[in-house]
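Novice: I have a structure I would like to understand better, so I am pasting it below and will then ask my questions one at a time.
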Amino acid sequence: MMLLRRYRLLIAACAFAGAVLFLCAFALSRMNTADAIISHYGSNVLRLAYSIGKESTDTLVALNSETAEACTATDLAMLRTVAFQAEYLKDVGRISAGNLLCTALWGRLDQPVPLPSPDHIAPESHIELWHEKSGILPAGLAVDIAASGNSAVFTAPNAFSSVEELPSGLSVVVLTRDGSHIFQRFGKADDLAVDHDKNSGLLDLGRDRFFYNCSPIDICAIARSRLDGFYGASTVEVLGVGLAGILAGGWFGLAIAYLEYGRSSVQKRLNRAIREDRLIILFQPIVQSRTRRLVGTEALVRLIDIDGALISPYHFIELAESLGLSYQITRSVTKKALAAMKPYLQADRDLYVSINVTADDFFQQDFLEFMQMQAARHSVLPGQIALELTERSTASHEHLAIRMQEVRQAGFQIFIDDFGTGYSSLSYIANLPISGIKIDQSLVQMAMHNDAGMSVVDKIFELAHALDVKLICEGLERQDEADRLSAAHPELVAQGWLYGKPMPVEGLNSYLRQTTA
82 MMLLRRYRLL
92 IAACAFAGAV
102 LFLCAFALSR
112 MNTADAIISH
122 YGSNVLRLAY
132 SIGKESTDTL
142 VALNSETAEA
152 CTATDLAMLR
162 TVAFQAEYLK
172 DVGRISAGNL
182 LCTALWGRLD
192 QPVPLPSPDH
202 IAPESHIELW
212 HEKSGILPAG
222 LAVDIAASGN
232 SAVFTAPNAF
242 SSVEELPSGL
252 SVVVLTRDGS
262 HIFQRFGKAD
272 DLAVDHDKNS
282 GLLDLGRDRF
292 FYNCSPIDIC
302 AIARSRLDGF
312 YGASTVEVLG
322 VGLAGILAGG
332 WFGLAIAYLE
342 YGRSSVQKRL
352 NRAIREDRLI
362 ILFQPIVQSR
372 TRRLVGTEAL
382 VRLIDIDGAL
392 ISPYHFIELA
402 ESLGLSYQIT
412 RSVTKKALAA
422 MKPYLQADRD
432 LYVSINVTAD
442 DFFQQDFLEF
452 MQMQAARHSV
462 LPGQIALELT
472 ERSTASHEHL
482 AIRMQEVRQA
492 GFQIFIDDFG
502 TGYSSLSYIA
512 NLPISGIKID
522 QSLVQMAMHN
532 DAGMSVVDKI
542 FELAHALDVK
552 LICEGLERQD
562 EADRLSAAHP
572 ELVAQGWLYG
582 KPMPVEGLNS
592 YLRQTTA
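Residue numbers for the sequence shown follow my numbering, so the first one is 82 and each next one is one higher.
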C-alpha cells in the first residue's frame, strides 16, 4: 500500500511539474513573441526617425553653406528646389535674430515671425528643436522645427505616415538620448520615458515588454507592449496548455513508476531467488564442428520466477551487477554447474564446462580459493573449468591481467567471450593470459555475408593459432554457415542452436548418444 501511495505521489508530482513546465514554456514563448513584435515596430520607427533627422541635419548644413543674401529671389528659388526635393520636409526657411523671415512655400513674410524659445538644443550640433508649434507658419499648422545658423526646416506632418498601425497595447516614443525632447509619439505613450535602457530578455519576466535603441545621431526609440492576463493569452489557451502539461507530466510519471516498479519487482525476485537458491543452470553444447564431438558445455543461468517461469539473464544479470549480487550468482552457478557436470567431467578429462564471470569477481578476495575448493570438492581438474569474461569487461580494469594470471597459474582456463563487440586491440588481447577466444555471433554473421567479414574471422583464427589458444564461434544456427567456416578452418569448434539449445544436464545423455551413434 505504501508503495502504491508513493507511485501515486510520484505521478501527481510529475503531473504538477508538467503543468508548471508547460505554462512556463508557454509564458516564455508569449514573451519571445511579444519581444519580436515590439522589436520589429520599434526598429522600423527608429529607422524612419533617423532618416527624417538625417535629412533635416543635412539640409541645414547645406542651407547654411549658401552665400546668397537671405530671402532674395535667388535664395527663395534655391529654397524651393530644396523643399521640392526633400522627402520628409514640408518647408524650409531663413531666420535672423530669432525671427522667421521667409520660407520656400510662403516666400518673404510680411512681418518677421518671432520663434519661441526652443524646446531642446542638441548638445553636439547645437541645432534648436521645437515640437508641434502653432502660429509660426501663416496657415497656423502645428509643425516640428529644426533650426541652425540662419536656416530652419519644417518636418512634414505626414513624415511618419509609413509607420504601420500598432497592435493593441503597443506604444512607441521617438526622443533624444537623454529623454529631454520628444520627437513623436505612437499609441498610449504619455508615460514612456528613458527609464528602460535595455531591451527585454529572458531574465525580464515582467508583463511590460520594452525595446530601446538609438541611432548614430541623437535620436532614440522606446517601445512598450503591455501583455494583459497571462502574458496576453486567453483563459482557454492557459487552461489548454496547463491540461496538456498535466497529461504529459502524468504520462511521464506513470512511465517512471512503471519502470521503477518493474525494477523493484525484479530486484525483489532476484534477492529472493538467491536466498531460496532458485537459480537453475542450463547447458549448451560446445562441439567440434566436423565430427559433432562434444568438447565442452557453457553453463547458462536462469531465474525461476514465483510462478515457475524462466527469466532470461538479459533481464536480471545487469541489475544483479548494479546491486552487487553478481558474485553471489557466480558462486551459486559454479556450485550447481560442477555438481551437475561432475559425472561427465570425471568420465572425460578433456571435457570442460565454461562459467560466465565478471571482472569484479576476479577482485573478490576469496575468488581463486573458492574456485579451487569447488574443483577439489567435485573431483574436477582446474583445467576443466573455463571462466568466461566479456571482451568489454577486460578493457575496464587496469590491473585485471594480474588477477587473471594468478587464476591461470592455478590451472583454470580463461576465455574471452563476445569477442568482436568491444573495442580492445588484438595486441591488448594477445597480452592477456587467456586460453580461449569466443567469436561473437555478430562477427560470425558478418563473415557469412561479405568477404571483408570473413577476412576478419580469418585474422582471428591466425591470432588464435599464434597464441596457441582455443577458438570457438558462437551463434551458429544454419548448416551452410558451419560448412563455410569449416571449409576454411577444419578445426572449427562451435556453439549455437545448430548443435543444441541450452538444456538441463539430463539432456546431455541423449545428446551424447545422438552424436556418438
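Just so it is clear, CB atoms sit at the ideal spot from N, CA and C, and this is done for glycine as well.
1. In this structure, how does DSSP classify Gln166 when only helix, strand and coil are distinguished?
2. Starting from Thr378, trace the beta strand (DSSP E) in both directions and tell me its first and last residue.
3. Which residues does DSSP pair with Lys551 in a beta bridge?
4. Taking 6 Å as the limit between beta carbons, can you name the residues of its chain near Phe448, skipping five residues before and five after?
5. Could you pull out every residue in the same chain whose Cβ sits closer than 8 Å to the Cβ of Val376, ignoring the five residues on either side in sequence?
6. Per DSSP, Phe500 is paired with what?
7. Does DSSP put Asn239 in a helix, a strand or coil?
8. With respect to the beta strand (DSSP E) encompassing Val364, which residues constitute its N-terminal and C-terminal limits?
9. By the DSSP assignment, the alpha helix (DSSP H) with Pro424 in it spans what residues?
10. Would Gly221 be called buried (16 or more neighbouring beta carbons within 10 Å of its own) or exposed?
11. I'd like to know whether the C-beta atoms of Pro514 and Gln486 end up nearer to each other than 7 Å.
12. In whole angstroms, give me the CA-to-CA distance for Trp578 and Glu472.
13. Rounding to the nearest angstrom, what Cα-Cα distance links Pro571 and Arg371 in this structure?
14. Count the other CB atoms within 10 Å of the CB of Ile466; is the residue buried (16 or more) or exposed (fewer)?
15. Just verifying my parser: in three-state terms, what is the DSSP assignment at Leu157?
16. To the nearest angstrom, how far is it from the Cα of Val126 to the Cα of Ser215?
17. Which residues bound the alpha helix (DSSP H) around Val461?
18. In this structure, how does DSSP classify Ile303 when only helix, strand and coil are distinguished?
19. My assumption, with CB atoms under 8 Å, is that Leu404 sits in contact with Val438. Please give the rounded CB distance.
20. Measure the C-alpha to C-alpha separation of Glu150 and Ile217 and round it to an integer number of angstroms.
21. Comparing C-alpha positions only, which one of Arg383, Thr114, Ala164 and Asn145 sits nearest to Pro583?
22. Would you tell me roughly how many angstroms separate the C-alpha atoms of Ala154 and Glu246, rounded to the nearest one?
23. What's the call for Cys105, buried or exposed, on a 16-neighbour Cβ count within 10 Å?
24. May I ask you to list the residues that DSSP assigns as paired with Cys183?
25. What do you get for Met454, buried or exposed, if any count of 16 or more other CB atoms within 10 angstroms of its CB means buried?
26. Buried or exposed for His201, please, with buried defined as at least 16 other CB atoms from any protein chain shown within 10 angstroms of its CB.
27. From Val461 to Leu360, what does the alpha carbon distance come to, in whole angstroms?
28. Check whether the Cβ atoms of Ala100 and Ile327 lie closer than 7 Å to each other.
29. Decide if Val317 is buried, meaning its Cβ has at least 16 other Cβ atoms within 10 Å, or exposed.
30. Under the criterion of a Cβ to heavy atom distance below 6 Å, does His530 qualify as lining the ligand PLP?
31. Could you name the residues of the same chain whose beta carbon sits closer than 6 Å to that of Met422, not counting the 5 residues immediately before and after it, in chain order?
32. Could you tell me which of Phe241, His207, Pro219 and Asn239 sits nearest to Ala227, measuring between CA atoms?
33. Who does Lys214 pair with in a DSSP beta bridge?
34. Is Met83 buried or exposed, if buried means 16 or more other CB atoms sit within 10 Å of its CB?
35. Does the beta-carbon distance from Phe364 to Val586 come in below 7 Å?
36. If we ignore side chains and look at the alpha-carbon of each, how far apart do Asp521 and Met535 end up?
Specialist: The short version:
1. One-based indexing of the sequence shown puts residue 166 at position 85. Three-state DSSP puts Gln166 in a helix.
2. Counting from one through the sequence shown, the residue named residue 378 turns up at place 297. Arg374 to Ile385 is the extent of the beta strand (DSSP E) around Thr378.
3. The residue given as residue 551 occupies position 470 in the sequence shown. Looking at the DSSP assignment, Lys551 forms a beta bridge with Gly517.
4. Your numbering for residue 448 matches position 367 in the sequence shown. Closer than 6 Å at the Cβ level, and outside the excluded window around Phe448, lie Asp442.
5. Indexing the sequence shown from 1 puts residue 376 at position 295. Contacts found: Ile367, Val368, Gln369, Asp431, Leu432, Tyr433 and Val574.
6. Reading the sequence shown from its first residue, position 419 is the one you call residue 500. DSSP lists Ile520 as partners of Phe500.
7. For the purposes of this step, residue 239 is identified with residue 158 of the sequence shown, where counting begins at 1. Coil at Asn239, not helix or strand.
8. The sequence position of residue 364 within the sequence shown is 283, counting from 1. It is worth fixing the name first, because residue 364 is Phe in this sequence and not Val. Segment Leu360 to Gln369, the beta strand (DSSP E) holding Phe364.
9. For the purposes of this step, residue 424 is identified with residue 343 of the sequence shown, where counting begins at 1. Ser407 to Ala428 is the span of the alpha helix (DSSP H), which, as asked, contains Pro424.
10. Here the question's residue 221 lines up with position 140 in the sequence shown. Burial call: exposed.
11. Sequence index remark: in the sequence shown, residue 514 carries index 433 (1-based). Sequence index remark: in the sequence shown, residue 486 carries index 405 (1-based). Their beta carbons are under 7 Å apart, which means Pro514 touches Gln486 by this criterion.
12. Within the sequence shown, numbered from 1, the residue matching residue 578 stands at position 497. Within the sequence shown, numbered from 1, the residue matching residue 472 stands at position 391. Cα to Cα, the separation comes out at about 22 Å.
13. Taking the first residue of the sequence shown as position 1, residue 571 is located at position 490. Taking the first residue of the sequence shown as position 1, residue 371 is located at position 290. Whole-angstrom Cα-Cα distance: 7 Å.
14. Against the sequence shown, residue 466 aligns to sequence position 385. The residue in question, Ile466, is buried, as its Cβ has 16 or more Cβ neighbours within 10 Å.
15. Along the sequence shown, read from residue 1 onward, the residue named residue 157 stands at position 76. Three-state result, Leu157: helix.
16. In the sequence shown, residue 126 corresponds to position 45, counting from 1. In the sequence shown, residue 215 corresponds to position 134, counting from 1. Distance from the CA atom of Val126 to the CA atom of Ser215, rounded to whole angstroms, is 25 Å.
17. Taking the sequence shown and counting its residues from 1, the one referred to as residue 461 is at position 380. Element bounds for Val461: n/a, residue is neither H nor E.
18. To locate residue 303, count along the sequence shown from 1; it is residue 222. Three-state result, Ile303: strand.
19. For the purposes of this step, residue 404 is taken as the residue at position 323 of the sequence shown. For the purposes of this step, residue 438 is taken as the residue at position 357 of the sequence shown. With 8 Å as the limit, Leu404 and Val438 do not qualify as a contact, their Cβ atoms being about 17 Å apart.
20. As a position in the sequence shown, residue 150 is number 69, starting the count at 1. As a position in the sequence shown, residue 217 is number 136, starting the count at 1. Distance between the alpha carbons of Glu150 and Ile217: 22 Å.
21. Locating residue 583 in the sequence shown gives position 502, where the first residue counts as 1. Among Arg383, Thr114, Ala164 and Asn145, the Cα nearest to that of Pro583 belongs to Arg383.
22. Reading the sequence shown from its first residue, position 73 is the one you call residue 154. Reading the sequence shown from its first residue, position 165 is the one you call residue 246. C-alpha separation (whole angstroms): 42 Å.
23. Here residue 105 refers to the residue found at position 24 of the sequence shown. The residue in question, Cys105, is exposed, as its Cβ has fewer than 16 Cβ neighbours within 10 Å.
24. Within the sequence shown, residue 183 is the residue found at index 102, counting from 1. According to DSSP, Cys183 bridges with Arg175 and Arg189.
25. Taking the sequence shown and counting its residues from 1, the one referred to as residue 454 is at position 373. Note on Met454: under 16 other CB atoms within 10 angstroms of its CB, so exposed under the neighbour-count rule.
26. Along the sequence shown, one-based indexing puts residue 201 at 120. With 16 or more Cβ atoms within 10 Å of its Cβ, His201 is classed as buried.
27. Taking the sequence shown and counting its residues from 1, the one referred to as residue 461 is at position 380. Taking the sequence shown and counting its residues from 1, the one referred to as residue 360 is at position 279. Their Cα atoms are separated by approximately 22 Å.
28. Here residue 100 is taken as the residue at index 19 of the sequence shown, counted from 1. Here residue 327 is taken as the residue at index 246 of the sequence shown, counted from 1. In this structure, Ile327 lies closer than 7 Å to Ala100 by Cβ.
29. Working through the sequence shown from its first residue, we reach residue 317 at position 236. It is exposed - the Cβ of Val317 has fewer than 16 other Cβ atoms within 10 Å.
30. The model on display carries no ligand, and the ligand PLP is accordingly not part of it.
31. Within the sequence shown, residue 422 is the residue found at index 341, counting from 1. The answer, listed in chain order, is Val434.
32. Counted from its first residue, the sequence shown places residue 227 at position 146. The residue among Phe241, His207, Pro219 and Asn239 with its C-alpha nearest the C-alpha of Ala227 is His207.
33. Along the sequence shown, read from residue 1 onward, the residue named residue 214 stands at position 133. Its beta-bridge partners are Val224.
34. Reading the sequence shown from its first residue, position 2 is the one you call residue 83. Note on Met83: pLDDT 45, under 50, position unreliable in the model; no value is reported.
35. Walking along the sequence shown from the start, residue 364 turns up at place 283. Walking along the sequence shown from the start, residue 586 turns up at place 505. Contact flag set, yes.
36. Translated into the one-based positions of the sequence shown, residue 521 becomes position 440. Translated into the one-based positions of the sequence shown, residue 535 becomes position 454. Rounded to whole angstroms, Asp521 to Met535 spans 13 Å at the Cα level.
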